[in-house]
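The sequence shown begins at 238 in our numbering and counts up by one.
A short write-up of the structure that comes next.
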Amino acid sequence: MRKVFKFLVFFLCIFFAMTGAQASKAQSDLRLWVVADVHHLSPSLYVEGRRIQKLQDTGAGLEVFYSNERLEALAYQIEKAEQQPNALLVVGDLTLNGEYQSLVELQKAFAKIEALGTEVFVIPGNHDINNGWASSFTDSRAVRDKQITPAEFKKLMNSFGYGEATYQDDASLSYITQLMSDHWLVMLDSNIYHGEGNDQPPVSKGELRDETLIWLEDKLRTITEADVEVTVVLHHSSIPHFELMGQNFVLGNYDSLKNILEKYQIPVTLSGHMHAQHIAQEGQVTDIATGAFAVQPSVIGEVVIDKNQKSYQQIKLDMDAWSKETKTEDPNLLNYDTYLKQVFTKANEKLDSNKDRKDELKQLTQELNLAFFAGNISNIWEATVSAYEDTFEKLISPYTESMNRYLQVLIDQANYNHQEYRW
Numbered sequence: 238m239r240k241v242f243k244f245l246v247f248f249l250c251i252f253f254a255m256t257g258a259q260a261s262k263a264q265s266d267l268r269l270w271v272v273a274d275v276h277h278l279s280p281s282l283y284v285e286g287r288r289i290q291k292l293q294d295t296g297a298g299l300e301v302f303y304s305n306e307r308l309e310a311l312a313y314q315i316e317k318a319e320q321q322p323n324a325l326l327v328v329g330d331l332t333l334n335g336e337y338q339s340l341v342e343l344q345k346a347f348a349k350i351e352a353l354g355t356e357v358f359v360i361p362g363n364h365d366i367n368n369g370w371a372s373s374f375t376d377s378r379a380v381r382d383k384q385i386t387p388a389e390f391k392k393l394m395n396s397f398g399y400g401e402a403t404y405q406d407d408a409s410l411s412y413i414t415q416l417m418s419d420h421w422l423v424m425l426d427s428n429i430y431h432g433e434g435n436d437q438p439p440v441s442k443g444e445l446r447d448e449t450l451i452w453l454e455d456k457l458r459t460i461t462e463a464d465v466e467v468t469v470v471l472h473h474s475s476i477p478h479f480e481l482m483g484q485n486f487v488l489g490n491y492d493s494l495k496n497i498l499e500k501y502q503i504p505v506t507l508s509g510h511m512h513a514q515h516i517a518q519e520g521q522v523t524d525i526a527t528g529a530f531a532v533q534p535s536v537i538g539e540v541v542i543d544k545n546q547k548s549y550q551q552i553k554l555d556m557d558a559w560s561k562e563t564k565t566e567d568p569n570l571l572n573y574d575t576y577l578k579q580v581f582t583k584a585n586e587k588l589d590s591n592k593d594r595k596d597e598l599k600q601l602t603q604e605l606n607l608a609f610f611a612g613n614i615s616n617i618w619e620a621t622v623s624a625y626e627d628t629f630e631k632l633i634s635p636y637t638e639s640m641n642r643y644l645q646v647l648i649d650q651a652n653y654n655h656q657e658y659r660w
């Protein structure tokens, strides 16, 4: 990164001498792509059988079998992009459940993207470190497999952020790096880990350690002495997104981070974790959660920063273009959107235990649920709900409190588009 930066500065100095003010604009333009919750599982860790299929069928819509193809399609999309991103930000949960071999394989995928000229920066998610669920799979059972320790994560991902970091936090896997002369990237480790070699499930909730908050403010004080842009990235949301649910999606001590962000006038954070595309605002801070890469509809966030405007836009993974290029004959890849919706719907049907009304609830919520995870219910809300206007309350009343809270969240999103934002 430093070599690239020095070359860029040298090039821009020459360019400025030749073209004047145009060079200043070129130096400030920055394009970032964001993927969250890749949840890669190495194919070497499973045989296609009953146990791995059960994992997918009960995994809240997470697709397990085509992770390598998604990563290949992502690299192809970067290569063919009209305006190639300067950097790819991977916002935690790189692995399915913290399998060491899965992270080893991701080295190759990220190196391929960097070879295209797009730098990769990663931060761990709650599933990546010391995860007692790290497993390989026979036909009939899950077998505990090698977990990733914090030190191993940092070593394996050295080329994708840690090795180029200007500042590293001693208390966590957080780091800060300089993307351009006028732009800094802050990658925050918001996860709570069990001890090494444990057999516990990952901790869903997150927080920033007190030492990390002190480190963060100290470094922001230093880097913001100049007129710079700062992009802050973390796995958990920096502010709450929902009143009725989602305590495990947001930092437990989000107020502490929010105060720092407001003090240093950093208006936007980028996150993941909740698997749904969603944007929330509180005070002077906006948090943009990019939908999970491994869950329908497999999205990418694109952040564009120039001197006149800053924007976020959701774009879809173009599996069709990659499938055409590689001439695949796999029907699931040739009909990727339909396949992902089938995986998602099948998994979410299992969340409802009221068998008598299951079909009615499915008809009411299936498209709403798909649209919610994609980040835009508003396009289909009126038509869908009006069809059930007379029976809506009757349909949802028998369901559990948690299901009704979720349905209320869907209702609350009726007039919002969470796929784009400008600031």
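Using N, Cα and C, we set each Cβ at its ideal position, and we do this for glycine too.
Range covered by the beta strand (DSSP E) that runs through residue i
{"i": "residue 374", "result": "372-374"}
{"i": "residue 421", "result": "420-425"}
{"i": "residue 547", "result": "547-553"}
{"i": "residue 539", "result": "536-542"}
{"i": "residue 269", "result": "267-272"}
{"i": "residue 657", "result": "657-659"}
{"i": "residue 663", "result": "Because the chain in this structure spans residues 238 to 660, residue 663 falls outside the shown range and cannot be described."}
Contact set for residue i: own chain, Cβ-Cβ below 7 angstroms, skip 5 residues either direction
{"i": "residue 233", "result": "Shown here, the chain extends from 238 to 660; a query on residue 233 therefore has no answer."}
{"i": "residue 603", "result": "582"}
{"i": "residue 546", "result": "659"}
{"i": "residue 515", "result": "478, 526, 612 and 655"}
{"i": "residue 428", "result": "361, 362, 363, 366, 443 and 472"}
{"i": "residue 537", "result": "270, 271, 272, 552 and 554"}
{"i": "residue 650", "result": "609 and 614"}
{"i": "residue 435", "result": "367 and 369"}
{"i": "residue 403", "result": "413, 414 and 415"}
{"i": "residue 267", "result": "323, 416, 417, 420 and 542"}
{"i": "residue 490", "result": "444 and 445"}
Other residues of its chain near residue i: CB distance less than 8 angstroms, five sequence neighbours each side excluded
{"i": "residue 282", "result": "336, 338, 339, 372, 373, 374 and 382"}
{"i": "residue 617", "result": "604, 605 and 608"}
{"i": "residue 647", "result": "602, 605, 606, 609 and 614"}
{"i": "residue 584", "result": "293, 294, 295, 296, 297, 298 and 299"}
{"i": "residue 398", "result": "357, 358, 359, 360, 412, 414 and 424"}
{"i": "residue 380", "result": "372, 373 and 374"}
{"i": "residue 558", "result": "310, 313, 314 and 317"}
{"i": "residue 430", "result": "366, 367, 387 and 440"}
With 16 other Cβ atoms within 10 Å as the buried cut-off, status of residue i
{"i": "residue 506", "result": "buried"}
{"i": "residue 272", "result": "buried"}
{"i": "residue 438", "result": "exposed"}
{"i": "residue 368", "result": "buried"}
{"i": "residue 566", "result": "exposed"}
{"i": "residue 535", "result": "buried"}
{"i": "residue 517", "result": "buried"}
{"i": "residue 319", "result": "exposed"}
{"i": "residue 328", "result": "buried"}
{"i": "residue 181", "result": "Since the first residue of the chain shown is 238 and the last is 660, residue 181 is not available in this structure."}
{"i": "residue 449", "result": "buried"}
{"i": "residue 334", "result": "buried"}
{"i": "residue 456", "result": "buried"}
{"i": "residue 495", "result": "buried"}
{"i": "residue 542", "result": "buried"}
{"i": "residue 284", "result": "exposed"}
{"i": "residue 508", "result": "buried"}
6 angstroms CB neighbourhood of residue i in its chain, flanking five on each side removed
{"i": "residue 555", "result": "314"}
{"i": "residue 510", "result": "472, 473 and 486"}
{"i": "residue 532", "result": "298, 299 and 512"}
{"i": "residue 356", "result": "324"}
{"i": "residue 540", "result": "269 and 549"}
{"i": "residue 573", "result": "556"}
{"i": "residue 519", "result": "476"}
{"i": "residue 394", "result": "359"}
{"i": "residue 460", "result": "421"}
{"i": "residue 501", "result": "457 and 461"}
{"i": "residue 405", "result": "412"}
Range of the contiguous alpha helix (DSSP H) that encloses residue i
{"i": "residue 556", "result": "556-563"}
{"i": "residue 231", "result": "With the chain running from 238 to 660 in the structure shown, residue 231 is simply not present."}
{"i": "residue 573", "result": "573-586"}
{"i": "residue 388", "result": "387-393"}
{"i": "residue 457", "result": "447-460"}
{"i": "residue 292", "result": "287-294"}
{"i": "residue 304", "result": "304-317"}
Item to complete: Please confirm if the segment 302-309 is in contact with the segment 274-290, defined as three or more CB-CB distances below 8 angstroms between the two stretches.
Response: yes
Worksheet item: Hey, which unbroken runs of the beta strand (DSSP E) at 3 residues or more fall wholly within the segment 465-526?
Response: 466-471, 505-508, 515-519 and 522-526
Worksheet item: Hey, which unbroken runs of the beta strand (DSSP E) at 3 residues or more fall wholly within the segment 335-384?
Response: 356-360, 372-374 and 379-381
Practice prompt. For the segment 414-422 and the segment 342-353, state whether three or more C-beta atom pairs, one from each stretch, are separated by less than 8 angstroms.
Written response: no
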